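*Asks:* Would you mind keeping the following structure in view while I ask a few things?
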Amino acid sequence: MTALAELRGLLRERAARLEQPLPPVIVRTAPLGDGSPHIEMTGATLSYVVEERGKELRRRDGLSPDEAAYHLLRAATLELALAQESAARRNGYSRWNWMAPHIAMLRTMSPAWGKRLAGEYAEVLARHPLTGEERRWTHPRFGAPD
């Protein structure tokens, strides 16, 4: 089995764990130039690449299929979390209202992935804490970030 085939299998298996519909995650192997990610394969390793209008914006090389799946599903579930937050918003905005569900989605797919994303968001919030307004508008079901 190639690394690309293993990646596609992992995407199906992990997405099936999510307790809500997730749009299909398409594994592109060439850039579209629109800022969407694509996967490049070199031997048994993968690269996650984001390119827009011919300019490479991000590249992560030497990835295992599991690591590439993390990046693809992290992006797909972020879109879902942001859309849900926007649809449910009644008044003010808080980043934690989409961060907390995003962490929960990845944790459902893989406890290690949820822990990893929680750490990534903890770093963001350490550098850029929630404002007083954001704390005020954080939904009680999510609690305050640690």
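All letters in the sequence shown, in the order written, are residues 792 to 937 by our numbering. Just so it is clear, CB atoms sit at the ideal spot from N, CA and C, and this is done for glycine as well. Computed from a prediction, not measured in an experiment: that's the story for all the values here.
#1: Please classify residue 885 as buried or exposed, where buried requires at least 16 neighbouring CB atoms within 10 angstroms.
#2: Under the assumption that residue 872 contacts residue 889 (Cβ atoms under 8 Å), give the Cβ distance between them as a whole number of angstroms.
#3: Residue 921 and residue 909 - do their beta-carbons sit closer together than 9 Å?
#4: Evaluate the contact criterion for the region 860–877 versus the region 811–820: three or more CB pairs, one atom per stretch, below 8 Å.
#5: Could you tell me which whole beta strand (DSSP E) segments of length 3 or greater appear in the region 841–884?
#6: With burial defined as no fewer than 16 other Cβ atoms inside 10 Å of the residue's Cβ, what is the status of residue 792: buried or exposed?
#7: How many Å lie between residue 825 and residue 898 at the Cα?
#8: Where do the N-terminal and C-terminal ends of the alpha helix (DSSP H) with residue 896 fall, by residue?
#9: What three-state label does DSSP hand residue 812 in the structure shown?
#10: Name, in chain order, the residues that DSSP records as bridge partners for residue 838.
#11: Compare the C-alpha of residue 853 against each of 900, 800, 933 and 795 and name the closest.
*Replies:* Considering the structure as presented:
#1: The sequence position of residue 885 within the sequence shown is 94, counting from 1. Label assigned to residue 885: buried.
#2: By one-based count along the sequence shown, residue 872 stands at place 81. By one-based count along the sequence shown, residue 889 stands at place 98. That pair is a contact at about 4 Å.
#3: Taking the first residue of the sequence shown as 1, we reach residue 909 at position 118. Taking the first residue of the sequence shown as 1, we reach residue 921 at position 130. It is not a contact, given that the beta carbons lie outside the stated cut-off.
#4: yes
#5: 846–854
#6: Residue 792 sits at position 1 when you count from the first residue of the sequence shown. Counting every other CB atom within 10 Å of its CB across the protein chains shown gives residue 792 a total below 16, marking it as exposed.
#7: Numbered from 1 along the sequence shown, position 34 holds the residue referred to as residue 825. Numbered from 1 along the sequence shown, position 107 holds the residue referred to as residue 898. As the crow flies, the alpha-carbon of residue 825 is around 29 Å from that of residue 898.
#8: Here residue 896 refers to the residue found at position 105 of the sequence shown. Where residue 896 is concerned, the enclosing alpha helix (DSSP H) stretches over 887–900.
#9: Position 21 of the sequence shown, counting from 1, holds the residue named residue 812. Coil at residue 812, not helix or strand.
#10: Against the sequence shown, residue 838 aligns to sequence position 47. Note: residue 838 sits in a beta bridge opposite 831.
#11: In the sequence shown, the residue the question calls residue 853 occupies position 62. The shortest C-alpha separation from residue 853 is found at 795.
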